[in-house]
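Residue numbers are given in the numbering used here: position 605 of the sequence shown equals residue 637, and the series is strictly consecutive.
Ideal placement from N, C-alpha and C gives every residue a C-beta, glycine not left out.
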Amino acid sequence: MPDSTARLGWNGTHFAGRDSVRLSGPRRQPAAFILTKLPGGGIEGTIMEDFHILLAIPFTQRFFRNLITKFIQEEFHGAVAKMSVLDAFLFWIVHSVDKKRLWHRLPVILGLAYLEIRRHLHQVYNLLDVGHQIGEGFNPADYPYRIADGRYNDPSNEVAGSVNSFYGRNVMPFDQKDKLITPHPALVATKLLARREYKDTGKQFNMVAASWIQFMIHDWIDHLEDTKQKVREFKDGKLKIAENGLLPHDEDGLAISGDIRNSWIGTSTLQALFAREHNAVCDMLKREYPEMGDEELYRRARLVTAAVIAKVHTIDWTVELLKTDTLHAAMRANWYGLLGKWFKDTFGHIGDPRLGGLVGLKKPENHGVPYSLTEDFVSVYRLHSLLPDELLVRDISTESAPDESPPVVKKLPVPELIGSKGEKVLAEIGFDRQMVSMGHQACGALELWNYPNWLRNIAPDDPNGKDRPDHVDLPTLEVYRDRERKVPRYNEFRRRLLMIPISKWEDLTDDKEAIRVLTEVYGDRVEELDLLVGLMAEKKIKGFAISETAFFIFILMASRRLEADRFFTSYFNEETYTKKGLAWVNRTESLRDVISRHCPGMTKKWMKSASAFTVWNAPPQPQSCIPLYLRIPGFILYIPLTRSVYGTGCLILGLGYLGIRRHLHNVYSLLNVGHQIGEGFNPADYPYRTADGRYNDPSNEFAGSENSFFGRNVMPLDQKDKLITPHPAVVAAKLLARREYKDTGKQFNMVAASWIQFMIHDWIDHLEDTKQIELIAPKEIASQCPLSSFKFYMTKEVPTGSSDINTGTLNTRTSWWDGSAIYGQNATRLQKVRELKDGKLKIAENGLLPHDEDGVALSGDVRSAWIGTSTLHALFVREHNAVCDMIKEEYPEMVDEELYRRARLVTAAVIAKVHTIDWTVELLKTDTLLAAMRTNWYGFLGKWFKDTFGHIGDAQLGGLVGLKKPENHGVPYSLTEDFVSVYRLHSLLPDEFLVRDISTEPAPNESPPVSKKLPLPELIGANGEKFLSEIGFTRQMVSMGHQACGALELWNYPNWLRNLTSEDPSGRDRPDHVDLPALEVYRDRERKVPRYNEFRRRLLMIPISKWEDLTNDKEAIRVLTEVYGDRIEELDLLVGLMAEKKIKGFAISETAFFIFILMASRRLEADRFFTSYFNEETYTKKGLAWVNTTESLRDVIDRHSPGMTKKWMNSTSAFTVWDAPPQRQSWIPLYLRIPGFM
């Protein structure tokens, strides 16, 4: 065997399997044969029997082991040599995952499988018996209760786990007597452990959680034989409790409880809580079973209370300690099994530990080793860094403010809160105040340099809780204790747990200061690293408060504490606990439940968090719509892989990701609002788009029509108590108002900015109330606001008739992609824009829109229009009329109405296609989105295939357009409030419009010279129409094409929009000016759109926990903190969308994009005129060909101004700045590209 393996201990003693150290007890069968024992008979039995025989041959075993070792690091070869073949194979799986540091990022179900394999390996190779304390067997029916000293639990060994039994071992002891003070423990403590400044765990873990684990340590490690006699009342089974709800005291002022050694007021409070829990169980049992005497009541109540404690620890405390979906699932599976709580409550324990859980097994399982806790378990539970220097005592006489902690009234040094001195302080504070104070204070982080300095000079207690005369330096002592007790040092400890050791300090931590001090203390001798230091220094898995190394001891022992105990397995039943007692345990799910039983007002008033172990003002954990076992941590539920998907991931994987996300949003992010369910109709009666949008969906005539409800993508969140918190004017002035103009470079031009307003005119506008309200800027910000106050109409709320979403708002435009920006939203408006001859629309001789007597443009929707949108309106009126001419020429028998209807269908489809495969591709300029948008229209098979063979297959293969039937995913089609919110894009607008001189000859790759600069406010409404008449269509288009639009960022919202004359729906000026960014912030709140963080959660996206998660801009972080403090949950959606770090190539935020991928597809797939009616019969053969041959806005412009693009457009797309170089064509097929690589 190589020297390296011998040194590492795989020589038959350090890793011999448990039989080399077990002194008695049955040997457990090798794991290689666990799966081979099938019932005899049949082909399966014969095959497995042959396999069994094959694996029993020494040569075969050696062959498989030798094969496996080729894929395993050399230092583990000795371990594999001692394993069964199956275990060696299982270790190979674990080892392969470990090398990638991958298990915690696997899908939950695979993560659980990994942990199950690891637990199995640890149960076989990391449970080592110590000592000869094998008691006599006994009849467990003689002891249907827990006894004081812990004996008579294991029927085969009466002393297992009892007082004064041996600590077991998880790894073989490692003698360090020649290195007990190398390096010196005091040096280690001073340089690497002693607190420099207090680091806490944020919202994740509070002082209740820190106190809880000490409460558990008192349960697990130290017992007094006469405890029972001191704490019992000997009446009705109860324990002693003081009138103030705290523990009573003896003559020395020490608390009377089961274990008070080294206790402080945090653990004393929890001991009091569970003494009260015990007594409440006694009262319940006494009422239900009045014949029970004191002793029986005590025994039954103890069983129930102990089970409640174990359950809280398993599915509440541990879930917060290891805050990941995988461990949430694992802990619930420990208690309930994979079948879950409902199944177990309904049908009882079914199947093995995996299906039914460890609790309620038919018999206890100790894996061939008498139950005990272990030296290694003690070592990884050295968690004193959880303790702060001061306890913050809160004032709970005040009223609770949402999201805020009660004020701190005093700060008490923790050393003063220990022992009898602490008990006096606790009596003054009181139970309620102490619990609330602990709940609202974060505990310390388990990191280097965070071990409390007050523990470096502490008087230890004797087992009776009385001070000893000698003080100790506790971190120094703990380092020494591990060495003295022969617990291997960090690297060897990991090897013996089948974990990959470190070879250099950089493997342990990325912290350069830590690496420097580790080198100073240990040199390059990584093998000397003390376990405690390694556990504190180790890079932690996201969501874990403890190290991965400590966790692997945890997964072994956490399960063992349940499965080896007959009172959690074979005796976990109504006969032992009583029917009511078992029900008490089964309905208790958390410490919050326990607190609520004894202090019902406390949690309601002071606890916002879901768990009592997280800081109580933390927001509740968002409920995911995805079943727990189907989640993929960091991918499906919250998916941070998006940046690698769009940045460096394989394009086809990016499309797969988007397909998965779209599916999830189709299922969980389409919420119906209102009961506007019309009669069904025969779609053949309406083979055209109606004026008001009705009669599109054959099952619901009103879907998507004028004055139908806005839908929802996420449930509304009422913010009526926070409509002006923080004040919208403050938000607008400090975070949105333009400081200096920032543009998008060459990516996006003013044609693109005008286009999206053109689309908004097609899709959305809100019905207003008749009631006006006034928004008054606070005095401190008024000087920064063009309007110190302004009035506006509220959004009208309409009852929906539904209990789920009981009010909604109405869309006064049609939600369909039907071209209503140019045709209008109803028959009245439509009549105004039609020529009523040859199907055409009105157009002026200059190729622009005509005007009414007030100078307002005549078009479908002109509200808040400016000359950019008016130009695009005119372009598509000309497109409609050109289609009419083409159809008239091809089908001369067609009359005006039919020509209009067919031309409208064709024009609306051209608009939808341009938006899908041209505008959007420039907005989201990545190969992945280029592929995605073309797939939406053409499918994976592509344009040539679809043009040649028609629509083949499903939406993926053939695209959404041309599907056999429309798909609304069970929710009537509408656009949504959330869609409105993410399309607040006014920052695209500049302050000035640059009018170009197009009389000159164009220079290569240059824009025509600027002849004048016009302020944007002068180009709105009727005034703007006058300017547009002077400028002309061609000059206006070229000027927009050569001007970059604004970037969607903080401090880029045009200031001229902060004093804007608003218009009524007919395009006429209103008397009141508005501050538009302030109004938009208010509108989102008023319309119950969740704020940024909650919005992300409800879209299955990771929320931010600090401003640095949102942006790297230090100035932005400073101002965000100034406006919102650290209350990230108050961050307004609009601000978050502007501040968010953008994906490379994206002009909008990722958050907005996820609404986009849902609704962009929905506008196509839910519309029968893009699906089942997208055919020659409906559009005419020539009309469909017109759509199919149009690929871009450039094509449309070329049709109506054929010289314009050739002379003035160098760019590939009309939506990029026109002097930009054409898009370079890649020789790699689109679906095979890797964005950012080739």
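- Taking 7 Å as the cut-off, the beta carbon of L1166 is found closer than this to the beta carbon of V1113.
- Assigned with DSSP and collapsed to three states, W898 falls in strand.
- As computed with DSSP, R201 is found in a beta bridge with L160.
- The bridge partners DSSP lists for S469 come to none.
- Beta bridge pairing from DSSP links F576 with L354.
- Annotated as distal: R624 and T610, with beta-carbon spacing of 7 Å or more.
- About 5 Å separates the CB atoms of L449 and W296; that is less than 8 Å, so the two are in contact.
- Annotation for A1148: L1082 and A1171 place their beta carbon closer than 6 Å to its own, counting only its chain and skipping 5 residues before and after.
- Three or more Cβ pairs drawn from the region 90-110 and the region 122-130 lie within less than 8 Å of each other, which places the two stretches in contact.
- For K453, the three-state secondary structure derived from DSSP is helix.
- Annotation for S628: T635 place their beta carbon closer than 6 Å to its own, counting only its chain and skipping 5 residues before and after.
- If only complete runs of 3 or more residues are kept, the region 171-259 shows no beta strand (DSSP E) anywhere.
- The criterion of a C-beta distance shorter than 7 Å is not satisfied by A1192 and F780.
- In the displayed model, V440 falls within a strand according to three-state DSSP.
- DSSP places T952 inside the alpha helix (DSSP H), whose first and last residues are T952 to L955.
- Annotation note: the region 467-540 contains no uninterrupted beta strand (DSSP E) run of length 3 or greater.
- Where K997 is concerned, there is no enclosing alpha helix (DSSP H), because DSSP gives it neither an H nor an E.
- Taking the Cβ atoms as the reference, E1126 lies roughly 7 Å from E1161, within the contact range of under 8 Å.
- P758 is classed as buried because its beta carbon has at least 16 other beta carbons within 10 Å across all chains shown.
- Y855 carries a helical assignment under DSSP once its states are collapsed to helix, strand and coil.
- As a beta-bridge residue in DSSP terms, K823 pairs with E806.
- Taking C-beta atoms as the reference points, A218 and T508 count as a pair closer than 7 Å.
- Here I949 is buried. Its C-beta has 16 or more other C-beta atoms within 10 Å.
- Distance from the Cα of F1201 is smallest, within the candidate group V203, A940 and V195, for A940.
- Inter-residue distance for H1001 and L696 is about 11 Å (C-alpha atoms, whole angstroms).
- Per DSSP, the beta bridge partners of I1052 are W898.
- Taking a contact to require three or more Cβ pairs closer than 8 Å, the region 502-517 and the region 545-552 do not qualify as touching.
- Selection N1087, A577 and E921 evaluated against K1213 yields E921 as nearest (Cα-Cα).
- According to DSSP, V830 shares a beta bridge with G840.
- Residue environment for E738: buried (at least 16 other C-beta atoms within 10 angstroms of its C-beta).
- A straight line joining the alpha-carbon of E954 with that of A1246 spans about 10 Å.
- Between L144 and A362, the gap from beta carbon to beta carbon is short of 7 Å.
- Taking 7 Å as the cut-off, the beta carbon of S1013 is found closer than this to the beta carbon of V1121.
- A direct Cα-to-Cα measurement between V140 and E524 gives close to 30 Å.
- Proximity to D917 across R693, Y932 and L904 peaks at Y932, based on C-alpha coordinates.
- Taken through DSSP and simplified to helix, strand or coil, E1095 comes out as strand.
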